[in-house]
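Reviewing the structure listed below.
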Amino acid sequence: MGRERLRIIGGVQSSFSQIPWEARITMLGGAGILCSGQLISPRWLLTAAHCLLNSNSDGYVSVTGTASTKIMYNCVDINSVDCKYVSAVRYIPHPCYTPSMDQDHDDIALIELDSDAIVPQYAKVNGLSGSLNVSAGDACTLAGWGVVNNNKQIPSYLMQVDLHIASQQDCISANPWSYSRGAIDFNHVVCTGGIAGKDSCNGDSGGPAIIFVNSVPWVVGVLSKGSELPSNTQDCGVQGRYGMYTLVNFYGGWIEATILVNLYGIARLF
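This note's numbering puts the first residue of the sequence shown at 25, with every later residue one more than the last.
The following block contains the structure:
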């Protein structure tokens with residue numbers, strides 16, 4: 025999957041009642057893209073930092089007015105009359121993320137919206153809304169607006185697929201280049217999938233890895249990229265290829281501090 029904006033392979037249509045906080049990003053900085061994001065409050069969207077990269081991947085796009093951002097929310101079908109749209113006032117990538125084609129550490133970002141995006145429920149973020157342990161073998165649900173097959177077919181529905189958290193060793197083994205060069209902190213990411221026919225893919229970037237606890241969905245990861253191996257194909261949903269998610273519990277303090285600074289001009293000490 026590489027640096028392309030990663031959609032769900034082998035999944036089913038999502039229910040709005042289950043994931044009402046998922047948003048579809050189709051324009052940032054005046055450029056058309058396809059990424060996913062999670063509404064964590066009326067004015068804040070959580071996504072991947074690489075969704076904010078410019079066309080050369082050496083810097084970021086910027087807000088240049090209301091028309092430069094297009095984010096859809098409040099629906100799971102883009103043709104629904106219930107869909108609403110919002111723009112942004114600023115994009116905030118994590119300060120330790122490095123704009124490039126191959127550095128993928130700290131791939132997380134916030135978007136401050138220009139008006140309230142009201143939904144029935146906002147995302148519960150691990151490390152921000154509480155604390156949840158994430159372990160190899162845990163069942164998880166991936167969601168996104170991206171392509172549903174390797175022919176790049178983009179559906180009109182939000183899709184989701186059920187998979188499991190992979191071990192850290194499997195994640196490292198599938199990414200030998202990044203591991204040897206330190207391009208990824210494998211303590212801050214988690215891999216999912218690795219089985220044929222089910223995966224996240226192009227257009228799903230920034231979307232969530234969700235663990236349900238007593239039927240309550242918790243966002244535990246934000247999609248960053250696909251694994252390097254197998255190297256003979258870049259298709260999604262192939263045996264041995266994993267989706268790589270930034271573990272959000274490491275960034276709860278940054279998320280809270282960023283929101284406080286931008287709302288009130290103050291920073292809380294952690």
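Every residue, glycine too, gets a C-beta built ideally from N, C-alpha and C.
Given the structure is predicted, the values throughout are model-derived calculations rather than measurements.
- Residue range A55 to S65 is occupied by the beta strand (DSSP E) that includes Q62.
- Rounded to the nearest whole angstrom, the CA to CA distance from D130 to T270 is 7 Å.
- In chain order, L156, W242, V244, V272 and N273 place their CB closer than 6 Å to the CB of N150, counting only its own chain and leaving out the 5 sequence neighbours on each side.
- Counting only runs that start and end inside the stretch 213 to 283, the beta strand (DSSP E) elements of at least 3 residues fall at 213 to 217, 232 to 237, 240 to 250 and 266 to 271.
- Here G264 really is in contact with L253; their C-beta atoms are around 6 Å apart, less than 8 Å.
- Check the Cα spacing between C107 and each of A47, A147 and V237: the tightest is with A47.
- The residue among R67, L58 and S38 with its C-alpha nearest the C-alpha of T282 is R67.
- The beta carbon of D186 sits closer than 7 Å to the beta carbons of A163 and T165 from its chain, once the five residues preceding and following it are set aside; these are given in chain order.
- Residue pairing from DSSP leaves D106 without any beta-bridge partner.
- By the CB criterion at 9 Å, T50 and M125 fall outside the cutoff.
- Residue state for D131 is assigned as coil, using DSSP reduced to three classes.
- Around the beta carbon of P232, a 10 Å sphere encloses 16 or more other beta carbons of the protein chains shown; the residue is thus reported as buried.
- Closest in alpha carbon position to G54, among G277, G267 and A91, is A91.
- Remark: three or more beta-carbon pairs, one from each stretch, lie closer than 8 Å, so the stretch 168 to 177 and the stretch 218 to 236 are flagged as touching.
- Proximity to I64 across V143, A147 and S39 peaks at A147, based on C-alpha coordinates.
- The alpha-carbon separation between A133 and G276 amounts to approximately 12 Å.
- Around the beta carbon of V240, a 10 Å sphere encloses fewer than 16 other beta carbons of the protein chains shown; the residue is thus reported as exposed.
- Non-local C-beta neighbours of A207 in its own chain, meaning closer than 8 Å and more than five positions away in sequence, comprise D126, Q127, D128, H129 and W201, ordered along the chain.
- P119 counts as exposed, since fewer than 16 other beta carbons sit within 10 angstroms of its beta carbon.
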